DNA sequence: CTGAAAGCGCTTACAG
DNA sequence: CTGAAAGCGCTTACAG
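Protein chains in written order, with my numbering: chain A, 1 to 331; chain B, 1 to 331.
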């Protein structure tokens, strides 16, 4: 810019004015400056500009795995939401490692991102407190920060807005649906409720339990602690799978028993080609990109100065019949 | 940092030394500085540091769609490759819109990224020339820049290293495999070779044609211009699908004709649950993350000053039998 | 309409 | 071992 100014025979400020399209420059001077810019191949250094203005116009996305279909969709939704703001997006994966999450988040903060969307991997978010106080906005997506819920990550302090899927409602709806088809022995194949980051599992089991109770059914302990191998012999006529991975495990286990197994399967998460599966299957589907959009909009409001207490947003789910065969009724 | 210096009663430079862990500071002064840092909650502004040092330690990833399985895997591979370098990654999707690609790429250049990995959407890369001359390294992934190949994007000028899948070899191997199973009437379901960004289609058709010719078979014109609806009645006993989307279309079309259709299907790109498909299927699989790793390594070498002419790297593919049924032989 | 000075938050090169 | 000055590339306030 200095070079451009010298070449055009004007002051730095005038170049700045031309580059920024500010009013108050004669066409003649502007032309001279433009000429110098092109001759020199000048391109403004945005980083320097942002340093001076104190903003960065940058957001971060910290995923557990950016290649996971849900998280990839969240990212696309976030992109959509921030495109209008003209923000750029940093991103990275933690692979579920709290140490990597902390390193990534602090690296982003060191570059002074305006905000971050985090798919939480850590149980303890004390490391973020100072940064949040310093002004970065953090929004959590797909699950709340901390072990069991939004209010436990910091022993009561709510860290930031959180956007999740209504897993409890989805599980409840799935079991209720199965009951309405005559099923009474309904299994659950999913994560271990004692594991780290098991908010999701707890929600699913809550929904399952509620729906069973509402229907006046007592769930056998074993039904909610199934492994894929046990599924076919567990005495259940239907199964709720907690994730795409578990749905795949269930389908494989059932397929191994022979053609067209008679088991009603409901899986959390829609997937490509589900309708070609050799069994009847219903999926719990949801708008994962909507989570990213919602997170982006919440972030935008925080950046605009909104100071309301942190919100927990739950996106609705719906049951979608898929599969090539009829949904098997009770045997 | 100025505040820290004042509080600790030292000069700016001393704070800098402590923050950077440089030698030559007494334990006593270092302690005073550390204290001040903690009291003030000082966190170094990385952006300012990078401005001064002239580097940015930042790379960009420009995808057509970050949520596409292949591109998501490329991103993960890239992440792996740059993690060791301590670089941060910007990313964004173009949805195949050349204007969005240009906007994104120039925005990244304006922030002075050290390099970019681009999944090309544009046919004309003149917009990048000035940036490349100014020092950004660009590596192209999954397809070469430009309409038909690496050397046409700019009328002969090769823009940068390019990492692709060996689509031609994969198609050749697939058709050869089908021929060895006795098939002689082999179809191709894929993109239109006349469309924009059809490097991939051309490569696939080249491989197809070569293999047919090697086997002494003459391909009917219609066999390579199939639509999913025509597939079952086209008189072919086997089909090569050019992408996961085309494989899904073929499987749907065949499933609509009834159970266990007798058609050998080879699909480019592995997919989850392929082994539960109601027909015999073989996939052409490849290591998409490897493309990202290779791109990251090429980028790293360019940043390290390597000045060799741009390379075209082709990652190998392999045929993987999948599907629940036997691979159907010739009828 | 145009410009000279100061400063964003840091580091580099030098001097003491 | 420690520091005062200059500068990275830009903008913000001010003055002419």
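For each residue, glycine too, the CB sits at the ideal point set by N, CA and C.
This structure is a prediction, so every number in the text was calculated from the model and none was measured.
* CB residue 198 of chain B to CB residue 207 of chain B, shorter than 7 Å? -> Residue numbering aside, residue 198 of chain B sits at position 198 when the second chain is read from its first letter. Residue numbering aside, residue 207 of chain B sits at position 207 when the second chain is read from its first letter. No, these two residues do not count as a Cβ contact at 7 Å.
* The alpha helix (DSSP H) with residue 176 of chain A in it runs from where to where? -> Here residue 176 of chain A is taken as the residue at index 176 of the first chain, counted from 1. Per DSSP, residue 176 of chain A belongs to the alpha helix (DSSP H) from 167–180.
* Measure the CB-CB distance between residue 201 of chain A and residue 312 of chain A and report whether it falls below 7 Å. => In the first chain, the residue the question calls residue 201 of chain A occupies position 201. In the first chain, the residue the question calls residue 312 of chain A occupies position 312. No, these two residues do not count as a Cβ contact at 7 Å.
* Asked: Hey, is residue 112 of chain A's beta-carbon within less than 7 Å of any beta-carbon in chain B?
  -> Taking the first chain and counting its residues from 1, the one referred to as residue 112 of chain A is at position 112. True, the Cβ-Cβ gap to chain B drops below 7 Å.
* To do: Say whether the region 229–239 of chain B touches the region 172–190 of chain B, bearing in mind that this needs 3 or more beta-carbon pairs closer than 8 Å, one atom from each stretch.
  => yes
* In chain order, what residues of the same chain lie with their CB nearer than 7 Å to the CB of residue 149 of chain B, ignoring the 5 residues before and after it? -> Taking the first residue of the second chain as 1, we reach residue 149 of chain B at position 149. In this prediction, residue 149 of chain B has a pLDDT of 49, which is less than 50 and means its spatial position is unreliable; nothing more can be read from the coordinates.
* **Alpha-carbon to alpha-carbon, residue 46 of chain B and residue 1 of chain B** => Your numbering for residue 1 of chain B matches position 1 in the second chain. Your numbering for residue 46 of chain B matches position 46 in the second chain. For the pair residue 1 of chain B and residue 46 of chain B, the Cα-to-Cα distance works out to about 12 Å.
* To do: Pick out whichever of B:35, B:67 and B:69 has its Cα sitting closest to the Cα of residue 6 of chain B.
  => Here residue 6 of chain B refers to the residue found at position 6 when the second chain is read from its first residue. The shortest C-alpha separation from residue 6 of chain B is found at B:35.
* Asked: Does DSSP put residue 231 of chain A in a helix, in a strand, or in coil?
  -> Taking the first chain and counting its residues from 1, one reaches residue 231 of chain A at position 231. Reduced to three states, the DSSP call for residue 231 of chain A is helix.
* Would you check if the distance between the CB atom of residue 230 of chain A and the CB atom of residue 204 of chain A is smaller than 7 Å? => Position 230 of the first chain, counted from the first residue, corresponds to residue 230 of chain A. Position 204 of the first chain, counted from the first residue, corresponds to residue 204 of chain A. No.
* To do: Classify residue 14 of chain B as buried or exposed, calling it buried when 16 or more other Cβ atoms lie within 10 Å of its own Cβ.
  => Start at 1 with the first residue of the second chain, and residue 14 of chain B comes out as number 14. That one is buried.
* Locate the beta strand (DSSP E) running through residue 282 of chain A, then write down its first and last residues. => For this step, residue 282 of chain A is matched to residue 282 along the first chain. Residues 280–285.
* If you count every other CB in all the chains shown that lies within 10 Å of the CB of residue 91 of chain A, and 16 or more means buried, which is it? -> Indexing the first chain from 1 puts residue 91 of chain A at position 91. So residue 91 of chain A counts as buried.
* To do: Just mark residue 99 of chain A as buried or exposed, buried being the case when its beta carbon has 16 or more other beta carbons within 10 Å.
  => Here residue 99 of chain A refers to the residue found at position 99 when the first chain is read from its first residue. By the 10 Å Cβ count, residue 99 of chain A comes out exposed.
* chain B contact for residue 277 of chain A (CB, 7 Å cutoff) -> The residue labelled residue 277 of chain A in the question sits at position 277 within the first chain. Answer yes: the Cβ-Cβ gap between residue 277 of chain A and chain B drops below 7 Å somewhere.
* Asked: What is the DSSP secondary structure of residue 16 of chain A, counted as helix, strand or coil?
  -> Along the first chain, read from residue 1 onward, the residue named residue 16 of chain A stands at position 16. Helix, per DSSP.
* Asked: Do you know offhand how far residue 156 of chain B's Cα is from residue 189 of chain B's?
  -> Taking the second chain and counting its residues from 1, the one referred to as residue 156 of chain B is at position 156. Taking the second chain and counting its residues from 1, the one referred to as residue 189 of chain B is at position 189. With a pLDDT of only 46 at residue 156 of chain B, under the threshold of 50, the placement of this residue in the model should not be trusted, and no figure is reported.
* Asked: Under a CB-based cut-off of 7 Å, is residue 79 of chain B close to chain A?
  -> The residue you call residue 79 of chain B lines up with position 79 of the second chain. Residue-level contact check: residue 79 of chain B touches chain A, since one or more beta carbons of chain A fall below 7 Å from its beta carbon.
* Does DSSP put residue 251 of chain A in a helix, a strand or coil? -> Reading the first chain from its first residue, position 251 is the one you call residue 251 of chain A. Helix at residue 251 of chain A.
* Leaving out five residues before and five after residue 113 of chain B in sequence, what residues of the same chain have Cβ atoms less than 8 Å from its Cβ? -> Taking the first residue of the second chain as position 1, residue 113 of chain B is located at position 113. Closer than 8 Å at Cβ, skipping near neighbours: 56, 58, 59, 60, 90 and 136.
* If you count every other CB in all the chains shown that lies within 10 Å of the CB of residue 93 of chain B, and 16 or more means buried, which is it? -> Position 93 of the second chain, counted from the first residue, corresponds to residue 93 of chain B. That one is buried.
* Three or more C-beta pairs below 8 Å linking the region 270–277 of chain B and the region 275–282 of chain A -> yes
* **7 Å Cβ shell around residue 19 of chain B - same chain, five flanking residues per side excluded** => Walking along the second chain from the start, residue 19 of chain B turns up at place 19. Excluding sequence neighbours, residue 19 of chain B sits near 44.
* Give the secondary structure of residue 120 of chain A by DSSP, where H, G and I count as helix, E and B as strand, and everything else as coil. => In the first chain, residue 120 of chain A corresponds to position 120, counting from 1. Residue 120 of chain A: coil per DSSP, three-state reduction.
* Please state whether DSSP places residue 199 of chain B in a helix, a strand or coil. => If you number the second chain from 1, residue 199 of chain B lands on position 199. Note: residue 199 of chain B maps to helix in three-state DSSP.
* Listed by chain order, chain B residues near residue 125 of chain A by CB distance under 7 Å -> To locate residue 125 of chain A, count along the first chain from 1; it is residue 125. The premise fails here: residue 125 of chain A is roughly 17 Å from chain B at the closest Cβ pair, so nothing lies under 7 Å.
* From residue 299 of chain B to residue 64 of chain B, what distance separates their C-alpha atoms? -> In the second chain, counting from the first residue as 1, residue 299 of chain B sits at position 299. In the second chain, counting from the first residue as 1, residue 64 of chain B sits at position 64. One C-alpha to the other measures close to 19 Å.
* To do: Name the residue from B:48, B:53 and B:54 whose alpha carbon lies nearest to the alpha carbon of residue 54 of chain A.
  => Looking up residue 54 of chain A in the first chain gives position 54. Ranking B:48, B:53 and B:54 by Cα distance to residue 54 of chain A puts B:48 first.
* Asked: How should residue 153 of chain A be labelled, buried or exposed, when 16 other C-beta atoms within 10 angstroms of its C-beta is the threshold for buried?
  -> The residue given as residue 153 of chain A occupies position 153 in the first chain. Low confidence applies to residue 153 of chain A: its pLDDT is 45, below 50, so where it sits in the model is not reliable, and the reading given next is rough at best. Buried, by the Cβ-count rule.
* Going by C-alpha distance, which of B:254, B:252 and B:285 is nearest residue 268 of chain B? -> Here residue 268 of chain B corresponds to residue number 268 of the second chain, with the count starting at 1. Cα-wise, what sits closest to residue 268 of chain B is B:285.
* **Residue closest to residue 42 of chain A, alpha-carbon to alpha-carbon, out of B:70, B:134 and B:95** => Position 42 of the first chain, counting from 1, holds the residue named residue 42 of chain A. It is B:134 whose Cα lies nearest to the Cα of residue 42 of chain A.
* Asked: What's the gap between the Cα of residue 17 of chain B and the Cα of residue 288 of chain A?
  -> Sequence index remark: in the second chain, residue 17 of chain B carries index 17 (1-based). Sequence index remark: in the first chain, residue 288 of chain A carries index 288 (1-based). Straight-line Cα distance between these residues: approximately 46 Å.
* **Backbone secondary structure at residue 150 of chain B - three-state DSSP** => Numbered from 1 along the second chain, position 150 holds the residue referred to as residue 150 of chain B. Per-residue confidence for residue 150 of chain B stands at a pLDDT of 48, beneath the threshold of 50, marking its modelled position as unreliable; the derived number appears in the next sentence. In this structure, residue 150 of chain B counts as coil in the three-state DSSP scheme.
* Leaving out five residues before and five after residue 95 of chain A in sequence, what residues of the same chain have Cβ atoms less than 7 Å from its Cβ? -> In the first chain, residue 95 of chain A corresponds to position 95, counting from 1. Excluding residues within five positions, the ones whose Cβ falls inside 7 Å are 64 and 65.
* Spell out the partners DSSP gives residue 91 of chain B in its beta bridges. => Residue 91 of chain B sits at position 91 when you count from the first residue of the second chain. B:61, per the DSSP bridge assignment.
* **For residue 107 of chain B and residue 62 of chain B, the rounded distance between their alpha carbons** => What you label residue 62 of chain B is simply residue 62 of the second chain in a count that begins at 1. What you label residue 107 of chain B is simply residue 107 of the second chain in a count that begins at 1. So the alpha carbons of these two residues sit roughly 11 Å apart.
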